[in-house]
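Working notes for the structure below.
In my numbering, the protein residues as written are 469 to 612.
This is how it looks when you write it as structure tokens:
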């Protein structure tokens with residue numbers, strides 16, 4: 469599953485946006501994915517919870533909330549690889565690290581993280597950085 473910096477939220481319920489063409493998704497799995505993405509507390513406080521209707525493009529949500537919904541949607545799908553491409557750029561460091569910690573604890577997914585934030589990269593098992601047309605590995609590059 470791929471989560472870019474900018475995410476697609478369609479007009480419909482949070483439930484529909486999380487499932488996003490995936491059928492037979494249990495509510496328990498949605499809640500687990502939302503907790504992993506640090507968005508469940510927000511959803512659970514809404515009067516309609518998962519059935520809250522969102523406007524096109526996530527109208528009424530912050531960019532950080534949209535990013536967390538997109539991460540939850542990606543976690544919910546069965547892909548063994550999760551590619552986060554600046555997917556947490558709108559989040560504060562504490563929330564971002566909580567998401568990364570929850571993702572790292574999952575054993576069912578390999579997470580590839582593209583980020584310019586050193587704190588996020590410090591969470592990774594391996595770091596690769598690019599300079600020109602070269603790739604360097606296993607260095608926590610201070611330039612990042």
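Each residue gets a CB set at the ideal place from its N, CA and C atoms; glycine is no exception.
- Item | Sequence-distant residues of the same chain with beta carbon closer than 7 angstroms to residue 583, five excluded per side | 554, 589
- May I have the straight-line CA-CA distance separating residue 504 from residue 516, to the nearest angstrom? 20 angstroms
- How many angstroms separate the CA atom of residue 477 from the CA atom of residue 548? 23 angstroms
- Query: Below 7 angstroms between beta carbons: does that hold for residue 518 and residue 541?
  - Reply: no
- Message: Alpha carbons only, please: which of 526, 556, 493 is nearest the one belonging to residue 480?
- Response: 526
- Candidates 499, 585, 556, 546: which alpha carbon is nearest residue 489's? 546
- Item | Alpha-carbon to alpha-carbon, residue 472 and residue 551 | 8 angstroms
- Out of curiosity, what's the CA-to-CA distance linking residue 562 and residue 475? 21 angstroms
- Task: Check residue 491 in the structure and name its three-state DSSP category.
- Result: coil
- Output the distance between the C-alpha atoms of residue 567 and residue 574, rounded to the nearest integer angstrom. 11 angstroms
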